[in-house]
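Here the protein sequences come in this chain order: A and B. Each residue of the first sequence is one higher than the last, beginning at 3 in the working numbering. Each residue of the second sequence is one higher than the last, beginning at 2 in the working numbering.
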Amino acid sequence: AQTVTQSQPEMSVQEAETVTLSCTYDTSESNYYLFWYKQPPSRQMILVIRQEAYKQQNATENRFSVNFQKAAKSFSLKISDSQLGDTAMYFCAFVDYNQGGKLIFGQGTELSVKP
Amino acid sequence: EAQVTQNPRYLITVTGKKLTVTCSQNMNHEYMSWYRQDPGLGLRQIYYSMNVEVTDKGDVPEGYKVSRKEKRNFPLILESPSPNQTSLYFCASSPMASGARHTQYFGPGTRLTVL
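Below, the structure written as structure tokens:
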């Protein structure tokens, strides 16, 4: 079964510093997509970044970047220059093509950015 | 603006009173899906649709119905709501074209309380 694990339930970081959120996954597929979603207090689910497994280059979106280690099945999110607006729950997710494109989510990491 | 909209955003109802939560997207996406989010259980897929007139069950379809008569709309129907359907519901859509396939964009969520 495809699984996604986030081992850090809570993290905190000072404003302007860098933080890394961890995610591991398990799949037998060779080509797939991985995502990080952000859920702020408004509860909206916002796509942060996407990584295609066949691309060796790590994805970046402004202050957000990933460290994708395919062999280790690891997909961490780095947030640089943290801002107060980054305070949110962050979910790592994996698309299960064998189950109709369902997103499988990790348990989430609650990130607090402190002034 | 490209978006997924849901209505209503908040709803309090009573057991057995049929209700519909609407979902609409303006991105011409083929794929649409409904999830529910519950504390301790994460996000679980209810139903999904690969295209017009094509729908299939997700992980927790009991007590729900869907239809996909038009590409842009994917309503979620609760024929006889029960308290265990109290939850936060998300509609999501994604393109099916390779390269962007299953990058799911979420609506703002619908908070449903069934008394």
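Glycine included, each C-beta is placed from N, C-alpha and C at the ideal position.
Reference residue i, options the options, closest by Cα
i                : options                            : result
Asn85 (chain B)  : B:Lys72, B:Thr16, B:Met51          : B:Thr16
Glu80 (chain B)  : B:Asn8, B:Gln7, B:Lys18            : B:Lys18
His103 (chain B) : A:Leu79, A:Arg52, A:Tyr92, A:Tyr27 : A:Arg52
Ala95 (chain A)  : B:Val53, B:His30, B:Gln46, B:Pro76 : B:Gln46
Gly59 (chain B)  : A:Pro11, A:Val115, A:Gln101        : A:Gln101
Trp35 (chain B)  : B:Pro62, B:Lys72, B:Ile13, B:Met28 : B:Pro62
Gly43 (chain B)  : A:Ser24, A:Phe70, A:Leu105         : A:Leu105
Ala74 (chain A)  : A:Cys25, A:Gln10, A:Gln16, A:Val21 : A:Cys25
Arg112 (chain B) : B:Pro82, B:Lys72, B:Tyr11          : B:Tyr11
Any C-beta of chain B under 9 Å from that of residue i
i                : result
Val50 (chain A)  : no
Phe66 (chain A)  : no
Gly102 (chain A) : yes
Tyr27 (chain A)  : no
Ser44 (chain A)  : yes
Leu105 (chain A) : yes
Gln10 (chain A)  : no
Phe77 (chain A)  : no
Val97 (chain A)  : yes
Gln109 (chain A) : yes
Met47 (chain A)  : yes
Tyr92 (chain A)  : no
Phe70 (chain A)  : no
Outcome for residue i when other beta-carbon atoms lying within 10 angstroms are tallied against a minimum of 16
i               : result
Ile78 (chain B) : exposed
Ser50 (chain B) : buried
Thr29 (chain A) : buried
Met97 (chain B) : exposed
Asp47 (chain A) : Here residue 47 (chain A) turns out to be Met, not Asp, going by the sequence shown. Label assigned to Met47 (chain A): buried.
Ala18 (chain A) : exposed
Asp88 (chain A) : buried
Arg37 (chain B) : buried
Pro82 (chain B) : buried
Asp98 (chain A) : buried
Gln7 (chain B)  : buried
Minimum Cβ-Cβ distance from residue i to chain A less than 9 Å
i                : result
Arg69 (chain B)  : no
His103 (chain B) : yes
Tyr65 (chain B)  : no
Tyr11 (chain B)  : no
Arg37 (chain B)  : no
Pro109 (chain B) : yes
Phe75 (chain B)  : no
Met122 (chain B) : Residue 122 (chain B) lies beyond the stretch modelled for chain B, which goes from 2 to 116, so this question has no answer here.
Ala93 (chain B)  : yes
Residue i: CB within 8 Å of a non-hydrogen atom of the ligand NAP
i                : result
Leu113 (chain A) : Absence of the ligand NAP is noted for the structure shown, with no ligands found whatsoever.
Cross-strand partners of residue i (DSSP beta bridge)
i                : result
Asp28 (chain A)  : A:Thr5
Asp39 (chain B)  : B:Gly43
Thr114 (chain B) : B:Ile13
Asn52 (chain B)  : B:Val55
Thr23 (chain B)  : B:Asn8
Same chain, Cβ closer than 8 Å to residue i, neighbours up to 5 away in sequence not counted
i               : result
Pro76 (chain B) : Thr21, Val22, Thr23, Cys24, Val67, Ser68
Asp39 (chain B) : Arg45, Ser88, Leu89
Gln41 (chain A) : Met47, Ile48, Ala90, Met91, Tyr92, Phe93, Gly110
Thr5 (chain A)  : Tyr27, Asp28, Ile106
Asp57 (chain B) : Tyr48, Tyr49, Ser50, Met51
Sequence-distant residues of the same chain with beta carbon closer than 6 Å to residue i, five excluded per side
i               : result
Ser95 (chain B) : His30, Tyr32, His103, Thr104, Gln105
Asn74 (chain B) : Ser25
Ser76 (chain A) : Thr26
Ala93 (chain B) : Ser34, Gln105, Phe107
Cβ neighbours of residue i in the same chain (closer than 7 Å, five flanking residues each side left out)
i               : result
Gln85 (chain A) : Glu17, Val115
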